[in-house]
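There are 2 protein chains.
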Amino acid sequence: MPLTESKPVQEEPIIKSSISKQIADQLRNSIINGRFKTGERLPTEDELANRYGVSRATIREALKRLAAQNLVRSRRGPAGGNFVNQPTHEELAESLSGAATLLVSLGSMDIEEIVDARRVLQGGCLKLAAQHAKPEHVQKVQAALVRQKQAGISDEAFCHADVAFHRALVDAADNSMIRFVMYTTIEALVPITNMVLSYVKDRHEIIAIHERLLSALEQKREDELEIALNQLLDYLMESFRLAQIQHAKHQKPPSGSN
Amino acid sequence: MPLTESKPVQEEPIIKSSISKQIADQLRNSIINGRFKTGERLPTEDELANRYGVSRATIREALKRLAAQNLVRSRRGPAGGNFVNQPTHEELAESLSGAATLLVSLGSMDIEEIVDARRVLQGGCLKLAAQHAKPEHVQKVQAALVRQKQAGISDEAFCHADVAFHRALVDAADNSMIRFVMYTTIEALVPITNMVLSYVKDRHEIIAIHERLLSALEQKREDELEIALNQLLDYLMESFRLAQIQHAKHQKPPSGSN
DNA sequence: GACATGTATTTGTCAGACAAATAATATCGG
DNA sequence: CCGATATTATTTGTCTGACAAATACATGTC
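Protein sequence lines, in the order shown, are assigned to chains A and B.
If you count by the numbering used here, then the first sequence holds residues 588 to 845, one letter each, in order.
If you count by the numbering used here, then the second sequence holds residues 588 to 845, one letter each, in order.
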């Protein structure tokens, strides 16, 4: 730290972005480079404000940026402060799927693209699952399917169980990176599944295919898994088209389809 | 707006999270649900502060949370304000890969897992590419490879071209969702590629395999593509192990590699 | 020793102010 | 009338200082 701070002779590189953003980036790097370790408490806001020579408000805006990325958590009180957060897979997956649903809702991603992507990616994923799946993984898939088969559950609950089912399938591949990535594509399909469910009331077909997936996983039959997956996606696509038609009928002529 | 505001009789549900976070979530939902359309300007901070009955600082913290997610952009001046941002694919991919590098740097993702994931996912991706690749896609791959083959370029530039090469390969699949997802896994491998490059100076092998990938793509040979991909990843893994050993010996990591 | 109480610390929020950027408008010279 | 320049108004960016709320820790009372 230079002792003379009043006149930074060094030409400040003409940075256009706001100070709070710069500080956020800087803190972010410090975290990534391990200068602040996970779980550690970083200096108090006052301390940081002094250190960077800015006001606490600015520091706070920087911290909130990081908080939005689940990089820091804050607690009040004497033992409180801002802590480096080790994002759990769930949190990561959450922010990811947030991004995914955003993309979908903004219409910048085509349904067919998503389904194609899932066909390819999940296809590979299931191969891995067939190789790596441990009993507890299979069990989780089974559990999700059982929940889905409960009679009389709401569409919402069914959809929730559907997500759980597919997540469990992905988990069976036993690979963090794949999980990270696949959760996104699963989430991206949720709105469609929802739509399909609310218009095409038939859950039998979905459940039947899910059962095929489960038993193929149990028997570690890669080929069966792929076939079933394709069936499922074909069915979804088809139903989706039907749902769209019905949707168009009941609703106004689709003006804001973008 | 209710006229009587002094005493909200309605029991405010005992929410534990901070107001700024609640407001951020609320705004976020409004954006996703399309109540604020993309590109639109949302009310001024003062206006929002009044509307929510909080101070501007609180509103700003909420907005900064959204800004961190690339959901809003802000501009100063009379025609300025906070605008709903349509995140480009690049921005989205950026935030994704940010999360990915974070996961890697925090050590919650294994190198082998990443490589395995890439084997599986990119394997599927390349199949799609073989089917869908248009001339311009192939050309982009070619261009990236040419850049990589330039003699005397820095490790950094080489690595940059490497990323471009793989991105171009992914683009050849011509699918937004896959792009979105694969960019992440590509980014996740960058630190490793970096390490390999800085310790195992040999670029020939990588280039050779890249050439094989390119020609396989040109000929739309799915099998060749898969073989070459596996070679590349095998080579990376092996080199990475060597690099690790050397790293342990020298102990001093080149600090500013990132 | 157990329990209630106070106290210090730290984040959360507020209020008001000024600085900086910038689009729209007014001003002035031709 | 036109064009370049100066002014102004608006809006975000930052600062300052204050108080509220949560909470770990110490203190005191029984």
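Every residue, glycine too, gets a C-beta built ideally from N, C-alpha and C.
Here the structure is a predicted model, which means the values were calculated and not measured.
Within-8 Å CB hit, residue i to chain A
i, result
"B/Lys603", "no"
"B/Ala717", "no"
"B/Ala835", "no"
"B/Ala759", "no"
"B/Asn817", "no"
"B/Ser763", "yes"
"B/Thr780", "no"
"B/Glu700", "yes"
"B/Asp703", "yes"
"B/Gln656", "yes"
"B/Leu801", "no"
"B/Leu812", "no"
Cβ pair residue i, residue j closer than 8 Å
i, j, result
"B/Leu756", "B/Leu715", "no"
"A/Glu732", "A/Thr772", "According to the sequence displayed, residue 732 of chain A carries Leu and not Glu. No, the Cβ-Cβ distance between A/Leu732 and A/Thr772 is not below 8 Å."
"B/Leu804", "B/Ala759", "yes"
"B/Ala775", "A/Met824", "no"
"A/Tyr639", "A/Ile618", "no"
"A/Val787", "A/Ala830", "yes"
"B/Thr645", "B/Ile606", "yes"
"A/Tyr770", "A/Arg754", "yes"
"B/Val671", "B/Glu632", "no"
"A/Ala649", "A/Leu614", "yes"
"A/Glu792", "A/Ala717", "no"
"B/Arg706", "B/Leu820", "yes"
"B/Phe767", "B/Leu679", "yes"
"A/Phe745", "A/Leu801", "no"
"A/Leu816", "A/Gly710", "yes"
"A/Lys736", "A/Ile794", "yes"
"A/Ser682", "B/Ala835", "no"
"A/Thr780", "A/Asp749", "yes"
"B/Leu629", "B/Gly668", "yes"
"A/Arg652", "A/Lys608", "yes"
"A/Gln673", "A/Thr625", "yes"
Chain B contact for residue i (CB, 8 Å cutoff)
i, result
"A/Pro841", "Caution is warranted here: a pLDDT of 44 is assigned to A/Pro841, below 50, making its placement in the model unreliable, and no coordinate value can be reported."
"A/Asp697", "yes"
"A/Ile796", "no"
"A/Ser607", "yes"
"A/Ser785", "no"
"A/Leu690", "yes"
"A/Phe827", "no"
"A/Val707", "yes"
"A/Val768", "yes"
"A/Ile610", "no"
"A/Asp789", "no"
"A/Gln806", "no"
"A/Gln831", "no"
Residue i: first and last residue of the uninterrupted alpha helix (DSSP H) it sits in
i, result
"B/Ser682", "676-692"
"A/Ser617", "606-619"
"A/Gly711", "698-719"
"A/Gln735", "722-736"
"B/Lys651", "643-655"
"A/Pro778", "763-786"
"B/Asp742", "742-758"
"B/Gln802", "Note that residue 802 of chain B is Ser in the sequence shown here, rather than Gln. Looking at the DSSP string, the run of the alpha helix (DSSP H) that includes B/Ser802 is 791-805."
"A/Glu634", "632-639"
Range of the contiguous beta strand (DSSP E) that encloses residue i
i, result
"B/Asn669", "668-671"
"A/Val659", "659-662"
Cβ-heavy atom distance, residue i to the ligand ZN, below 7 Å
i, result
"B/Met764", "Among the components of this structure there are no ligands whatsoever, and the ligand ZN is therefore not found."
Quiz item: Which residues, taken in chain order from the stretch 660-687 of chain A, show a beta carbon closer than 8 Å to some beta carbon of chain B?
Solution: Gln673, Pro674, His676, Leu679, Ser682, Leu683, Gly685, Ala686, Ala687
Quiz item: Quick one, which residues of the stretch 634-652 of chain A are near chain B if we go by CB-CB under 7 Å, in chain order?
Solution: Ala644, Arg647, Glu648, Lys651, Arg652
Exercise. Give the residues from the stretch 737-757 of chain B that approach chain A closer than 8 Å (Cβ to any Cβ), ordered along the chain.
Key: none
Exercise. Compile a chain-ordered list of the residues in the stretch 614-633 of chain B whose CB is closer than 7 Å to at least one CB of chain A.
Key: Ile619, Thr625
Self-check item: Within 8 Å of chain B by C-beta, residues of the stretch 721-732 of chain A in sequence order
Solution: none
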